[in-house]
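Below you'll find the structure, written out as structure tokens, and then a few comments.
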Ligand SMILES: C[S@@+](CC[C@H](N)C(=O)[O-])C[C@H]1O[C@@H](n2cnc3c(N)ncnc32)[C@H](O)[C@@H]1O
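Residue numbers (the UniProt record's numbering): 1 to 287.
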């Protein structure tokens, strides 16, 4: 992969620290995110015999769940992360779900079998493309005419207590960075509803629906590690800490811990998560 190759930064990111951390925390992460995946799965409403793509399938939980819901049919989980897909393969073997295939590939450029899938699903796996219109146009080539798209993505940080609380605590010590441009790759790429709608329409989707949904997120916490550090290790807050001057890191972690403590219930911290549930169809008359 050359330095300027498409999605090169994300490919590196998800094949190094992020992918490894995700594998380590996979069981807890799947519990925390299960409700959001369920929202997108219910909206997709896959039925027996259908073929579905799971974009950015990560450690495979949602690909396997889709297959279990359909009983017959096929699921193609596509992801760029080798460590996360290795975990997905292990889990697939444990469950003997032969009709699930995992493919290490960039969904933005992967050569999907044309017009052959009934649905495209994603739980937080579609916000990392350098060029989202090109990526969704490519993904759409795999869909049958009229095929369904359903995914969940994060609403803005300000609506998401689980990121807003630790971030505001960090900003007591460091300057707030400029917000990224709408669509710039990252967890909040599609937080701007209007931008997301236009992006999907430009990629050839129609009947776009974007609905706000909120769910409590229960994070398992370890008693032997500062709470602020645990949040910094698992999400967008971590980037703030990595980029902070060394002499401020301890104070940032302490402030985050203090801000998060009111949300602790037993061995969990429970904070609100806010997503867009996005559905659309492959416009029949698009090439
Ligand atoms: C936030 S994680 C979500 C993983 C999984 N969907 C879940 O809910 O557990 C984002 C996933 O998107 C994958 N990803 C990022 N860019 C991608 C791309 N261009 N093509 C395929 N997968 C990608 C990452 O490797 C990662 O597994």
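Glycine included, each C-beta is placed from N, C-alpha and C at the ideal position. None of these values were measured; they are calculated from a predicted model.
Identify, in the order they occur along the chain, each residue of the same chain with its Cβ nearer than 7 Å to the Cβ of residue i, setting aside the five sequence neighbours on each side.
| i | result |
| --- | --- |
| residue 22 | 29, 58, 59 and 84 |
| residue 1 | For residue 1, the predicted model reports a pLDDT of 41, less than 50, meaning its position is unreliable and no value from the coordinates is stated. |
| residue 192 | 182 |
| residue 302 | Here the chain has residues from 1 to 287 only, and residue 302 is not among them. |
| residue 202 | 133 |
| residue 16 | none |
| residue 159 | 274 |
| residue 117 | 51, 52, 53, 142, 143, 144 and 147 |
Which residue or residues does DSSP assign as beta-bridge partners of residue i?
| i | result |
| --- | --- |
| residue 277 | 152 and 211 |
| residue 143 | 117 |
| residue 268 | 220 and 265 |
| residue 15 | Looking at the DSSP assignment, residue 15 forms no beta bridge with any residue, so it has no partner. |
| residue 50 | 73 |
| residue 282 | 205 |
Looking only at its own chain, which residues have a Cβ that is under 8 Å from the Cβ of residue i, when we skip the five neighbours before and after it?
| i | result |
| --- | --- |
| residue 227 | 221, 256, 257, 260, 261, 264 and 269 |
| residue 281 | 146, 147, 148, 149, 205, 206 and 207 |
| residue 245 | 174 |
| residue 234 | 21, 25, 29 and 219 |
| residue 71 | 48 |
Note down, in chain order, each residue of its chain lying with its Cβ closer than 6 Å to the Cβ of residue i, except the 5 sequence neighbours on either side.
| i | result |
| --- | --- |
| residue 18 | none |
| residue 189 | 127 and 183 |
| residue 279 | 43, 150 and 209 |
| residue 3 | Because residue 3 carries a pLDDT of 46, less than 50, the predicted location of this residue cannot be relied on, and the following value inherits that uncertainty. Hits under 6 Å: none found. |
| residue 37 | 62 and 123 |
Since residue i contacts residue j with CB under 8 Å, what's their CB separation in whole angstroms?
| i | j | result |
| --- | --- | --- |
| residue 211 | residue 143 | The Cβ separation is near 21 Å, so there is no contact. |
| residue 123 | residue 157 | That pair is no contact at about 19 Å. |
| residue 54 | residue 73 | Contact doesn't hold; Cβ gap of about 13 Å is too wide. |
| residue 217 | residue 32 | 5 Å |
| residue 35 | residue 240 | No, residue 35 and residue 240 are not in contact; Cβ-Cβ is about 26 Å, not under 8 Å. |
| residue 39 | residue 213 | 6 Å |
| residue 185 | residue 129 | 6 Å |
| residue 104 | residue 82 | 6 Å |
From the options, pick the residue whose C-alpha is nearest to that of residue i; which is it?
| i | options | result |
| --- | --- | --- |
| residue 170 | 192, 160 and 248 | 248 |
| residue 371 | 187, 191 and 223 | No answer is possible for residue 371: the residues shown for the chain start at 1 and end at 287. |
| residue 50 | 75, 37 and 32 | 75 |
| residue 120 | 131, 140, 32 and 67 | 140 |
| residue 79 | 215, 109 and 275 | 109 |
| residue 5 | 96, 131 and 92 | 131 |
| residue 52 | 36, 69 and 39 | 69 |
| residue 125 | 209, 197 and 106 | 106 |
| residue 272 | 209, 185, 97 and 165 | 165 |
| residue 99 | 66, 111 and 82 | 66 |
| residue 93 | 61, 41 and 251 | 61 |
| residue 251 | 136, 43 and 167 | 167 |
| residue 101 | 64, 133, 116 and 238 | 64 |
| residue 114 | 137, 96 and 129 | 137 |
| residue 267 | 129, 223 and 36 | 223 |
| residue 161 | 243, 238 and 274 | 274 |
| residue 155 | 195, 81, 176 and 104 | 195 |
| residue 163 | 243, 237, 177 and 225 | 237 |
| residue 199 | 172, 176, 90 and 135 | 135 |
| residue 177 | 243, 90 and 283 | 243 |
May I have a chain-ordered list of the alpha helix (DSSP H) segments no shorter than 4 residues that lie completely inside the segment 152 to 237? 161 to 170, 193 to 202 and 227 to 234
Within the UniProt domain "Methyltransferase" (52 to 147), note down every full beta strand (DSSP E) run reaching 3 residues or more, in order along the chain. 73 to 79, 100 to 104 and 117 to 123
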